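From first to last, the protein sequence lines are chains A and B. All letters in the first sequence, in the order written, are residues 1 to 344 by this note's numbering. All letters in the second sequence, in the order written, are residues 1001 to 1344 by this note's numbering. Report on one structure; see the data block that follows.
Protein chains: 2
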Amino acid sequence: MSDAATPGEFELIRRYFMQDVEPACRSDQVSPQQARAGVVLGQGDDCALLAPSPGRRLAVSVDTSLADVHFPRDASAEAIGHRALAVNLSDLAAMGARPRWFVLALTLPEVDEHWLDGFAQGLYGLAREHNIALVGGDITRGRELSITITVHGDVAQDGAITRHGARPGDLLAVTGALGSAHGGLRAWFAGQRDEQHPLVRAYLRPAPRVNEGMSICHMVSGGLDISDGLLADLGHLCARSAVGACLKAGAIPLDQALVASLGADEALEAALNGGDDYELLLSLAPDQEAAVRQVLEDLGGALHVIGLVTAEPGITGITSTGRGWQHFHAQDQCPDDHGAGAAP
Amino acid sequence: MSDAATPGEFELIRRYFMQDVEPACRSDQVSPQQARAGVVLGQGDDCALLAPSPGRRLAVSVDTSLADVHFPRDASAEAIGHRALAVNLSDLAAMGARPRWFVLALTLPEVDEHWLDGFAQGLYGLAREHNIALVGGDITRGRELSITITVHGDVAQDGAITRHGARPGDLLAVTGALGSAHGGLRAWFAGQRDEQHPLVRAYLRPAPRVNEGMSICHMVSGGLDISDGLLADLGHLCARSAVGACLKAGAIPLDQALVASLGADEALEAALNGGDDYELLLSLAPDQEAAVRQVLEDLGGALHVIGLVTAEPGITGITSTGRGWQHFHAQDQCPDDHGAGAAP
């Protein structure tokens, strides 16, 4: 009963999930690459043994991706592997943490080695990009495909970006276009199966803002990643920081492809409520804006100021026409708006 | 699509999985108890922030427990919660690591708050016993009940018990009776639903040998926990240590209730191949036997020497009658057996 998948589990792990370990080092030895990554003992024992960097905080997060709940089961295995790790790396990005190690728990309805090979390619492709080492895994046989990843990163003491640091008067900003992933999901369900389609790609292969988070963590007052949708995640930031917010609809960055696909109104709705964007939502003091923008532009990204943190609780929104939208009070101007950042 | 369970997720976590956090500390504050446990920032942000102990290694392991694969779906919620954490704590025990933190990913077919309450009681009951803090979680809605836990412990540099340390001439020993869990599983399927029945209890509520592992980690040469069954796990130890083993059947500790339930032959078979015991299998130099035994007895446990590590690969077994058994070569005496430990 306990070993539904164990006959092949060790071999599957050895074959697909020890790709960064030289074959000669797959028993008790640690490869030079692992040692540089702080891996004292990797896969194959009861636990991985890791060497945390002295004086830094360990950042840990877990996320489950379920087939046909968090991703379409018929997406490519590469995309599924990429996406499962990306949504976890985004949690490290949201704290400004440096990726270190992750463990993978995989539940498979069947052992399809072609699929596993593709999945591992997607996973390792992103893992190498962000220098995070797979140090442990568990494979079980179950009715539905489920991927649970626990990521570990580290961050300087007092260097972490948190949800409780936003202060009235701070600017609210995001690191990239919103709504595209939601547009991609809709396109997928409408039959668009080209994974290189810009919106589909935004949904299936999000690029977690890891380098951005690490580079600006000391310059912002608070933040998180946008996974549930801008309004929902802004709500989390406001609740934890005991503040409110005023959003400027016209300043929310939208991809041209999204506007072309959905029209302006639905594109804005996707940006507000769609989710799965994995951009960072940041609060920062106005005098930090230029410096943060410079850092992000040096990384090939951008800073889009979309509103202000207010002392009064609740989220209000203004459009260029003065109309409000769902969940929002219509008003003409954000309170305490002295013209900083993006005018609508 | 990404938020199948999110409407209630935050509230469920707050209600059931923040039990060690005072209500006043459930936003950005860390309770004194959390601070003592090295928790800098607990649940509610994108990551938990943790303070590893300087100079110690971090031990990390992940295990998934699936309904009707790893536990019977109709067991009590308390037992399911206990067992899911126990099998993970056992991996820390197997390394000699001190439990620190864990994260929980829970996939639920339905939100049954009565069940969640019981599950959390079982989980927290064992967590408090072993002083491990729940620092993060993810709840999703899926077709089958699945519990994935990632545990974190720490251990002194060079203090970890590993699978590659067994040396020829070492004694092989276990920390308690084997086969009982398998007997309990069989009793369960035969209709025995009393969770206090000694065999059923051994299966549903294993007691991970955490204190034992921590106390003897510097005194043994190698080891692991017995989850797949004595022969399978001994095989892992031998493979990683590049050694063989000779087992003495008569020395393998069996619970009286197991022998009474299955008879002597099937009880031995359950001990060899049944799995789910979560006792430790240890290798130790003969001159350490008395000291290890004393430590384990001081903890209320015992040391049962069941064989010897051999230079020759392969596992051989002897019975008191000289008969071999499946997977074993029959022989009269372990090689290099100078009478140390348990004679058959």
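The C-beta atom is built at its ideal place from N, Cα and C for all residues, glycine as well. As the structure is a computational prediction, the values presented were derived from the model and not from experiment.
Going by DSSP, B/L1145 is part of no alpha helix (DSSP H) at all; its letter is neither H nor E.
The alpha-carbon separation between A/V155 and A/L58 amounts to approximately 7 Å.
In the displayed model, A/L134 falls within a strand according to three-state DSSP. Excluding its 5 nearest sequence neighbours in each direction, A/A120 has C-beta neighbours in its own chain below 6 Å: Y16, listed in chain order. Of all residues in the region 1048 to 1063 of chain B, those with a C-beta nearer than 7 Å to a C-beta of chain A are A1048, L1049, L1050, A1051, P1052, P1054, R1057, L1058, A1059, V1060, S1061, V1062 and D1063, reading in chain order. Contacts with chain B (Cβ-Cβ distance below 8 Å) from the region 94 to 124 of chain A involve A94, M95, A97, W101, V103, L104, A105 and T107, listed in chain order. Restricted to the region 51 to 123 of chain A, the beta strand (DSSP E) segments that are unbroken, complete and at least 3 residues in length are 56 to 66 and 98 to 108, listed in chain order. Look at B/G1317 here: in three-state DSSP terms it is strand. Residue nearest to A/V87 within the set A/D277, A/H304 and A/Q196 is A/D277 (criterion: CA-CA distance). B/R1163 has a beta carbon lying within less than 7 Å of a beta carbon in chain A. In the DSSP assignment, B/I1216 falls within the unbroken alpha helix (DSSP H) covering V1210 to I1216. Contact annotation: B/L1303 and B/G1223 have beta-carbon atoms that are not nearer than 7 Å. Runs of the alpha helix (DSSP H) lying entirely within the region 170 to 210 of chain A, each at least 4 residues long, are 180 to 189 and 198 to 204 in chain order.
A distance below 8 Å between beta-carbons, with the five flanking residues on each side excluded, links A/H82 to the following residues of its chain, in chain order: G122, L123, G125, L126, L204 and R205.
For B/V1069, the closest C-alpha among the options A/R143, A/A84, A/F102 and A/G137 is that of A/R143. B/E1212 and B/A1251 have their C-alpha atoms roughly 20 Å apart.
A/H152 and A/F102 have their alpha carbons spaced roughly 6 Å apart. Look at B/E1212: its C-beta is not under 7 Å from any C-beta on chain A. A direct Cα-Cα distance of roughly 16 Å separates A/A271 from A/P198. Counting C-beta pairs with one atom in each stretch, the region 305 to 315 of chain A and the region 241 to 251 of chain A have three or more that are closer than 8 Å, which means they touch. Using beta-carbon distances, A/D158 does not count as an interface residue toward chain B, since no partner is under 7 Å.
With a cutoff of 7 Å on beta-carbon distance, A/G244 and A/P313 are scored as near each other. Contact with chain A is absent for B/G1314, since none of that chain's Cβ atoms lies less than 7 Å from the residue's Cβ.
For B/S1283, the enclosing beta strand (DSSP E) stretches over residues L1280 to L1284.
In the DSSP assignment, A/D158 falls outside any alpha helix (DSSP H), carrying neither H nor E. Each of A/A264, A/M18, A/V220 and A/F189 was checked against the Cα of A/R167, and the nearest Cα belongs to A/V220.
With fewer than 16 other Cβ atoms from the protein chains shown falling within 10 Å of its own Cβ, B/P1032 counts as exposed. In the structure shown, B/C1238 falls within a helical segment according to DSSP collapsed to helix, strand and coil. Proximity of B/V1040 to chain A, defined by a Cβ-Cβ separation below 7 Å, is satisfied.
Annotation: the continuous alpha helix (DSSP H) that includes A/V292 extends over E289 to D298. With respect to the 7 Å criterion, B/G1042 and B/V1135 are classified as neighbours on the basis of their beta carbons.
In this structure A/P54 is exposed. Its beta-carbon is surrounded by fewer than 16 other beta-carbon atoms within 10 angstroms. DSSP places B/G1223 in the uninterrupted beta strand (DSSP E) bounded by G1222 to D1225. Cβ atoms of A/D63 and A/I149 come within 8 Å of each other, at about 6 Å.
Listed along chain B are L1066, V1069, E1144 and S1146, each with a C-beta nearer than 7 Å to that of A/G142. Close partners of A/T175 in chain B (Cβ separation under 7 Å) are lacking, with about 14 Å as the shortest Cβ gap.
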